[in-house]
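The block underneath contains the structure these notes are about, expressed in structure tokens.
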Amino acid sequence: MLDRIDVHCTWVSQPVLDLLPSDLPEAVPGGEIIRDPGLGVFCDNAMDMVISIWPQPGRDFKARAVKTAMKRLNEVGLVGMHDAGATPDTLNLYNELSSGDDWTLRVYAMLECPQRNSYCPEVAVKFARDDDRFAVQSVKLFADGALGSWGSAMLDPYSDHPWTSGSLLINASALTDVTKRWAADGYQVNIHAIGDLANRNAVDALEAALVQQCLREATAQGAYPSTLDQSVNGSHDQIEARAACQARHRFRIEHAQIIHPADQRRILELGIIPSIQPTHATSDMKYALARLGKDRLSSSAYRMRSVLPAHPILGSDFPVEPPNPFQGIYAAVTRRSPHTGRGTDDSPGWHTEEALSLDEAMWGFTGAPAYGAFLDSRAGVIREGALADWVVLDTPIESYDIDDLRTLKVKETWVAGKQVYARSNDD
């Protein structure tokens, strides 16, 4: 079997198909079985049929894979990561491994239920260590699929596939319900949303959770402010109250890739955190215009500067994209591919009106993820009392030509005051 690079479709061989029921459904809610030119490709929720028969790797294999990945991430200058969706079994393994000397990366992980988009308190876990090496207080939900496979859920049909608007992996009311359940249990909620319909549903769900949580908190303190006792889309005072509550809960939208302008305003008003991958823009630029059309692309897609007041978290979404943060910074600042150094058709950059400054991009890869992981003031900064994590470069990053970031190699990486990577003289 082969997974699509974004892991939203899988292509299987005939021996795998032989293991599946012969009467596969014609339609799969939130997914698709592609039958033309032949059976074998399963997308989004339809992948569950194949996943159920996957051979599962053992504990030792997983442990080796984790340690190998950490070494690779240290090599490109990472001191921490957000694992955006891990099952309870994987999280328990992480917790066990996090006490070892070869756990060389801080991990802020999001719980994903064995059955995606469900509420699973019977197996849910939370972890917090005094040394901040590993933490779980967050949950991952998925609103839609991916743009590349026409699976992201859109308000209007795709420009190059006008017969479809993509797929919701969970309907709007169910997303709101499960979001509120996890929020009530004290979890930060993170919702994968790429299409503009999915992002609208995500904002609706997170705002509903904020209304619920803020009312409960106010009531517990003996107050019942009228500014909170309303449904979503309230008055200016109600929105301000929810934004203050959001600063405590820090709900996030993962990818936040195509957002209707009205929902961009709601995100900014509420302070919902967009978690954005700059290299998604530069990877998708070769087909985004065809998928979305000029108007939708220019007003709604791949926002960075437009949502800057919401202090977006920047990342890579590895293994979908390479994990190197300097390539991500390059893409954010230039809106060019770090692989080719070019925009579309050799342009100086793709929709550069959304580009960030070097300082803004640096903050997106340091201070913003620290805030999103409730580690602000302790991580993402170098100062007395903060976590002793840093990266050593040959010269200050401001002194590099911007194109040098594409191939920059770090000299040293330090985590918790311990050197976890040193570049060899040969490099």
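FYI, my numbering numbers position 114 of the sequence shown as 102, with every residue one higher than the one before it. Backbone N, C-alpha and C define an ideal beta-carbon position, used for all residues, glycine too.
How many angstroms separate the CA atom of E400 from the CA atom of V64? Walking along the sequence shown from the start, residue 400 turns up at place 412. Walking along the sequence shown from the start, residue 64 turns up at place 76. Straight-line Cα distance between these residues: approximately 9 Å.
CB of L157 within 8 Å of CB of G183, strictly: Translated into the one-based positions of the sequence shown, residue 157 becomes position 169. Translated into the one-based positions of the sequence shown, residue 183 becomes position 195. The Cβ atoms of L157 and G183 lie no closer than 8 Å to each other.
Give the single residue among M273, T354, L93, Q103 whose Cα lies nearest to the Cα of T328. Within the sequence shown, residue 328 is the residue found at index 340, counting from 1. Minimum Cα distance to T328 is reached at M273.
Simplified DSSP state of A74, which is helix, strand or coil: Taking the sequence shown and counting its residues from 1, one reaches residue 74 at position 86. DSSP places A74 in strand when its eight states are reduced to three.
Look at the Cβ atom of I301, then the Cβ atom of A356, and state whether they are nearer than 8 Å. For this step, residue 301 is matched to residue 313 along the sequence shown. For this step, residue 356 is matched to residue 368 along the sequence shown. Yes, the pair counts as a contact, with Cβ atoms nearer than the cut-off.
Looking at the structure shown, is I261 part of a helix, part of a strand, or coil, going by DSSP? Against the sequence shown, residue 261 aligns to sequence position 273. I261: strand per DSSP, three-state reduction.
I need the DSSP call for R52, collapsed to helix, strand or coil. Taking the first residue of the sequence shown as position 1, residue 52 is located at position 64. Looking at R52 - three-state DSSP - the assignment turns out to be helix.
Looking only at its own chain, which residues have a Cβ that is under 6 Å from the Cβ of N312, when we skip the five neighbours before and after it? Looking up residue 312 in the sequence shown gives position 324. If we look at N312 and ignore the five residues flanking it on each side, its Cβ neighbours are V64.
G154 vs A162 beta-carbon contact at 8 Å: By 1-based counting over the sequence shown, the position of residue 154 is 166. By 1-based counting over the sequence shown, the position of residue 162 is 174. No, they are not a contact pair.
Can the beta-carbon of G19 be found closer than 8 Å to that of N33? Numbered from its first residue, the sequence shown carries residue 19 at position 31. Numbered from its first residue, the sequence shown carries residue 33 at position 45. Yes. Within cutoff.
Rounded to whole angstroms, how far is the Cβ of P326 from the Cβ of T383, which I believe are closer than 8 Å? Position 338 of the sequence shown, counted from the first residue, corresponds to residue 326. Position 395 of the sequence shown, counted from the first residue, corresponds to residue 383. That belief does not hold up - the Cβ atoms of P326 and T383 are roughly 19 Å apart, past 8 Å.
DSSP state of G368 mapped onto helix, strand, coil: Within the sequence shown, the letter at position 380 stands for residue 368. Coil at G368, not helix or strand.
In terms of DSSP beta bridges, what is Y447 paired with? Absent from the model: residue 447. The displayed extent of the chain is -11 to 415, so no value can be given.
Mapping the DSSP letters down to three states, classify W170 as helix, strand or coil. As a position in the sequence shown, residue 170 is number 182, starting the count at 1. Helix at W170.
What is the DSSP secondary structure of I247, reduced to helix, strand or coil? To locate residue 247, count along the sequence shown from 1; it is residue 259. In this structure, I247 counts as coil in the three-state DSSP scheme.
Which residues bound the beta strand (DSSP E) around I22? Translated into the one-based positions of the sequence shown, residue 22 becomes position 34. I22 -> beta strand (DSSP E) spans 19 to 22.
Leaving aside the five residues before and after Q200 along the sequence, list all residues of the same chain whose C-beta is less than 8 Å from its C-beta, in chain order. Indexing the sequence shown from 1 puts residue 200 at position 212. Cβ neighbours of Q200 beyond the five flanking positions: K168, A171, A172.
If you reduce the DSSP assignment to three classes, tell me which class E195 lands in. Here residue 195 is taken as the residue at index 207 of the sequence shown, counted from 1. E195 falls in the helix class under three-state DSSP.
Could you give the DSSP three-state label for F122: helix, strand or coil? By 1-based counting over the sequence shown, the position of residue 122 is 134. In this structure, F122 counts as strand in the three-state DSSP scheme.
If distances are taken between C-alpha atoms only, which option among P76, Y290, R94, T332 comes closest to L66? Counting from 1 along the sequence shown, the entry for residue 66 is found at position 78. The residue with the shortest Cα to Cα distance from L66 is R94.
Taking all protein chains shown into account, decide if W151 is buried (16 or more other Cβ within 10 angstroms of its Cβ) or exposed. Counting from one through the sequence shown, the residue named residue 151 turns up at place 163. Exposed is the call here.
Identify which residue in Q103, F115, M292, S271 has its Cα closest to the Cα of M35. Residue 35 sits at position 47 when you count from the first residue of the sequence shown. Of Q103, F115, M292, S271, the residue nearest in Cα terms is Q103.
Out of W91, T354, D364, A112, which one is the CA nearest neighbour of Q407? Locating residue 407 in the sequence shown gives position 419, where the first residue counts as 1. Out of W91, T354, D364, A112, the CA that lies nearest to the CA of Q407 is found in W91.
Inspect the beta-carbon positions of A250 and A181 and report whether they are closer than 8 Å. As a working mapping, residue 250 is identified with position 262 in the sequence shown. As a working mapping, residue 181 is identified with position 193 in the sequence shown. Going by C-beta atoms, A250 is not nearer than 8 Å to A181.
Is DSSP giving D132 helix, strand or coil here? Translated into positions along the sequence shown, residue 132 becomes position 144. Strand, per DSSP.
Taking the CB atoms as reference points, tell me whether E342 and R291 lie closer together than 8 Å. Translated into positions along the sequence shown, residue 342 becomes position 354. Translated into positions along the sequence shown, residue 291 becomes position 303. R291 sits close to E342, with the two beta carbons spaced by under 8 Å.
Local conformation of A356 per DSSP, three classes: Counting from 1 along the sequence shown, the entry for residue 356 is found at position 368. Looking at A356 - three-state DSSP - the assignment turns out to be helix.
Rounding to the nearest angstrom, what Cα-Cα distance links K128 and A74 in this structure? Taking the first residue of the sequence shown as position 1, residue 128 is located at position 140. Taking the first residue of the sequence shown as position 1, residue 74 is located at position 86. Their Cα atoms are separated by approximately 8 Å.
For I370, which residues of its own chain have a beta-carbon under 8 Å away from its beta-carbon, when the five flanking residues on both sides are left out? For the purposes of this step, residue 370 is identified with residue 382 of the sequence shown, where counting begins at 1. Here I370 has W378 as same chain residues with Cβ atoms under 8 Å from its own Cβ, once five neighbours each way along the sequence are excluded.
One question on the structure: do P76 and V113 come within less than 8 Å of each other, judged by their Cβ atoms? For the purposes of this step, residue 76 is taken as residue 88 along the sequence shown, with counting starting at 1. For the purposes of this step, residue 113 is taken as residue 125 along the sequence shown, with counting starting at 1. Cβ atoms of P76 and V113: closer than 8 Å.
What is the residue span of the beta strand (DSSP E) that R323 lies within? To locate residue 323, count along the sequence shown from 1; it is residue 335. That residue, R323, is in no beta strand (DSSP E); it is neither H nor E in DSSP.
Taking the C-alpha atoms as reference points, what is the distance between W338 and R324? As a working mapping, residue 338 is identified with position 350 in the sequence shown. As a working mapping, residue 324 is identified with position 336 in the sequence shown. In a straight line, the C-alpha of W338 is about 6 Å away from that of R324.
What first and last residue would you give for the alpha helix (DSSP H) that runs through I41? For the purposes of this step, residue 41 is identified with residue 53 of the sequence shown, where counting begins at 1. Looking at the DSSP string, I41 is not in any alpha helix (DSSP H), and its letter there is neither H nor E.
DSSP three-state label for Q176, please. What you label residue 176 is simply residue 188 of the sequence shown in a count that begins at 1. The DSSP-derived three-state label of Q176 is strand.
Since I believe V166 is in contact with S106 (beta carbons under 8 Å), could you give me their beta-carbon distance rounded to a whole number of angstroms? Start at 1 with the first residue of the sequence shown, and residue 106 comes out as number 118. Start at 1 with the first residue of the sequence shown, and residue 166 comes out as number 178. With a Cβ gap of about 7 Å, S106 and V166 count as contacting.
First and last residue of the uninterrupted beta strand (DSSP E) at L157: Walking along the sequence shown from the start, residue 157 turns up at place 169. Per DSSP, L157 lies in no beta strand (DSSP E) and is assigned neither H nor E.
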